[in-house]
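J.: I'd like to ask some things about the structure below.
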Amino acid sequence: MEMEDQVESQKRRGISKDDLISERTGSLGCIGWVIVILSGIFTTLLFPITIWFCLKIVQEYERAVIFRLGRITDRKAKGPGIFFVLPCTDSFVKVDLRTVSFDIPPQEILTKDSVTVSVDGVVYFRVSDPIASVANVSNADFSTRLLAQTTLRNVLGTKNLAELLSDREGIAHSMQFNLDEATDNWGIKVERVEIKDVKLPHQLQRAMAAEAEASREARAKVIAAEGEMNASRALKEASLIIAESPSALQLRYLQTLSTIASEKNSTIIFPLPMDMLTPFMRK
1 MEMEDQVESQ
11 KRRGISKDDL
21 ISERTGSLGC
31 IGWVIVILSG
41 IFTTLLFPIT
51 IWFCLKIVQE
61 YERAVIFRLG
71 RITDRKAKGP
81 GIFFVLPCTD
91 SFVKVDLRTV
101 SFDIPPQEIL
111 TKDSVTVSVD
121 GVVYFRVSDP
131 IASVANVSNA
141 DFSTRLLAQT
151 TLRNVLGTKN
161 LAELLSDREG
171 IAHSMQFNLD
181 EATDNWGIKV
191 ERVEIKDVKL
201 PHQLQRAMAA
211 EAEASREARA
221 KVIAAEGEMN
231 ASRALKEASL
241 IIAESPSALQ
251 LRYLQTLSTI
261 ASEKNSTIIF
271 PLPMDMLTPF
281 MRK
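Residue numbers (UniProt numbering): 1 to 283.
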């Protein structure tokens with residue numbers, strides 16, 4: 001836009017946005033002041049009637065940007081409450097300062113690793129400078145909505161699928177920074193950006209599910225093998241300890257009987273040492 005280019009050129013020369021607005025709110029000129037004086041005289045003469053056209057009211061969450069003969073009258077917007085305008089020469093535009101939210105329509109995006117995904121989000125913004133939102137852009141709300149769609153495409157186009165699925169918060173912060181910087185000259189403050197949903201193609205979903213299932217099965221087999229190895233090592237160490245002390249085997253028998261009795265089984269197997277059966281076997 002022409003006004004945006006003017007702001008950028010003024011910034012390059014070291015002139016702030018407030019200085020540019022002050023140029024807009026300059027003198028009306030001789031003819032302009034004559035018209036304003038005539039309007040004031042006309043308002044005074046018809047005071048009982050014109051008072052209803054001169055007093056205006058804006059709500060607590062609104063501000064009024066007043067134009068007098070096409071120029072902004074003050075560097076600060078009027079309101080909230082009652083303010084005075086001159087008929088015929090003054091006009092004003094109401095600006096809502098409340099936070100506005102809108103949904104970013106689902107965008108078909110090609111990620112950095114050439115995967116097509118559909119992504120949507122939500123943006124929260126508000127008007128921080130009423131004068132800039134009226135003077136620097138024709139429709140701040142609509143322009144912010146369009147810019148949010150293109151920013152979503154640009155930011156996600158530099159990410160691969162893994163980053164898109166795991167780093168939503170970082171992507172949201174990056175979008176917020178880019179949007180806030182781009183809409184600063186429009187008097188818009190982007191407060192928050194959130195990624196709502198990431199939709200993958202059905203074929204890719206099946207492939208990812210198969211990959212995850214295979215990975216889980218491989219980990220389960222590794223864990224089971226490690227458990228068998230640890231168990232065999234423990235049994236080896238136990239057998240060595242029992243071999244060193246024959247009475248330990250008898251204690252193990254008694255512990256086994258105690259375990260069986262606690263389960264209330266009708267059959268109890270009582271193991272006997274083979275040494276007790278040797279005399280009978282000889283006969």
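Built from N, CA and C at the ideal position, the CB exists for glycine as well.
Could you tell me the alpha carbon to alpha carbon distance between E217 and D141, rounded to whole angstroms?
T.: One-based indexing of the sequence shown puts residue 217 at position 217. One-based indexing of the sequence shown puts residue 141 at position 141. Taking the straight line joining both Cα atoms gives about 52 Å.
J.: Buried or exposed for E23, going by 16 or more other Cβ atoms inside 10 Å?
T.: Translated into positions along the sequence shown, residue 23 becomes position 23. Below a pLDDT of 50, predicted positions are generally treated as unreliable, and E23, at 49, falls in that range; no measurement from the model is reported.
J.: So, is Q176 buried or exposed, given that buried needs 16 or more other C-beta atoms within 10 angstroms?
T.: As a position in the sequence shown, residue 176 is number 176, starting the count at 1. Its Cβ being crowded by 16 or more others within 10 Å, Q176 is buried.
J.: If contact is defined by three or more beta carbon pairs under 8 Å, each pair taking one atom from either stretch, is the region 46-61 in contact with the region 76-92?
T.: Cβ pair count under 8 Å is three or more, so yes.
J.: Just to confirm before moving on: does the CB-CB distance between K112 and T158 stay below 8 Å?
T.: Here residue 112 refers to the residue found at position 112 of the sequence shown. Here residue 158 refers to the residue found at position 158 of the sequence shown. Cβ atoms of K112 and T158: closer than 8 Å.
J.: Look at L164 and V117 and say whether their C-beta atoms are less than 8 Å apart.
T.: Counting from 1 along the sequence shown, the entry for residue 164 is found at position 164. Counting from 1 along the sequence shown, the entry for residue 117 is found at position 117. It is a contact, given that the beta carbons lie within the stated cut-off.
J.: With contact counted as at least three CB pairs below 8 Å, one residue from each stretch, are the region 178-192 and the region 209-227 in contact?
T.: Because the criterion of three Cβ pairs below 8 Å is not met, the region 178-192 and the region 209-227 do not touch.
J.: Give me the DSSP bridge partner(s) of T116.
T.: In the sequence shown, counting from the first residue as 1, residue 116 sits at position 116. The partner list for T116 (beta bridge, DSSP) reads L110.
J.: Rounded to whole angstroms, what's the CA-CA distance from S232 to S247? Just pull it up for me.
T.: For the purposes of this step, residue 232 is taken as the residue at position 232 of the sequence shown. For the purposes of this step, residue 247 is taken as the residue at position 247 of the sequence shown. The alpha-carbon atoms of S232 and S247 are separated by roughly 23 Å.
J.: Kindly indicate which residue of G121, E62, V119 and S114 has the alpha-carbon position closest to the one of F92.
T.: Within the sequence shown, numbered from 1, the residue matching residue 92 stands at position 92. Answer by Cα proximity: E62.
J.: In whole angstroms, what separates the C-alpha of W52 from that of D90?
T.: Here residue 52 corresponds to residue number 52 of the sequence shown, with the count starting at 1. Here residue 90 corresponds to residue number 90 of the sequence shown, with the count starting at 1. Rounded to whole angstroms, W52 to D90 spans 14 Å at the Cα level.
J.: With C-beta atoms as the reference, is G187 less than 8 Å away from D129?
T.: Here residue 187 corresponds to residue number 187 of the sequence shown, with the count starting at 1. Here residue 129 corresponds to residue number 129 of the sequence shown, with the count starting at 1. Yes, the pair counts as a contact, with Cβ atoms nearer than the cut-off.
J.: Pop quiz: S126 and L97 are said to be a contact at Cβ under 8 Å. What is the actual Cβ separation, rounded to whole angstroms?
T.: The count along the sequence shown starts at 1 and reaches residue 126 at position 126. The count along the sequence shown starts at 1 and reaches residue 97 at position 97. The amino acid at residue 126 is misidentified as Ser; the sequence shows Arg. About 6 Å; that satisfies the 8 Å criterion.
J.: What runs of the beta strand (DSSP E), each 3 residues or longer, lie entirely inside the UniProt domain "Band 7" (53-212)?
T.: If we require 3 residues or more, the beta strand (DSSP E) runs fully inside the UniProt domain "Band 7" (53-212) come out as 55-58, 62-68, 81-84, 90-96, 100-110, 116-127 and 188-199.
J.: Between L204 and the rest of its own chain, which residues show a CB-CB distance below 8 Å, the 5 nearest in sequence each way excluded?
T.: What you label residue 204 is simply residue 204 of the sequence shown in a count that begins at 1. For L204, where only same-chain residues beyond five positions count, the Cβ hits under 8 Å are V115.
J.: Taking the straight line between their C-alpha atoms, what separation do you get for residue 285 and S39?
T.: This structure cannot settle anything about residue 285, because the visible part of the chain is limited to 1 through 283.
J.: Can you give me the Cβ contacts of T50 inside the same chain, cut-off strictly under 7 Å, excluding the 5 residues immediately before and after it?
T.: The residue given as residue 50 occupies position 50 in the sequence shown. Cβ within range, chain order: T43 and P87.
J.: Closest to F67 by CA distance: which of A135, C30 and P48 is it?
T.: As a position in the sequence shown, residue 67 is number 67, starting the count at 1. If we check each option's Cα against that of F67, A135 comes out closest.
J.: Taking T99 as the reference, give the member of V193, I242 and V36 with the closest Cα.
T.: The count along the sequence shown starts at 1 and reaches residue 99 at position 99. For the residues V193, I242 and V36, the minimum Cα distance to T99 belongs to V193.
J.: With a threshold of 8 Å on Cβ separation, who are the neighbours of I241 within its own chain once the five nearest residues in sequence on each side are excluded?
T.: Within the sequence shown, residue 241 is the residue found at index 241, counting from 1. Cβ neighbours of I241 beyond the five flanking positions: A248.
J.: Helix, strand or coil for L235? Go by DSSP, reduced to three states.
T.: The count along the sequence shown starts at 1 and reaches residue 235 at position 235. Helix at L235.
J.: Is the beta carbon of A172 closer than 8 Å to that of I104?
T.: Looking up residue 104 in the sequence shown gives position 104. Looking up residue 172 in the sequence shown gives position 172. Contact: no.
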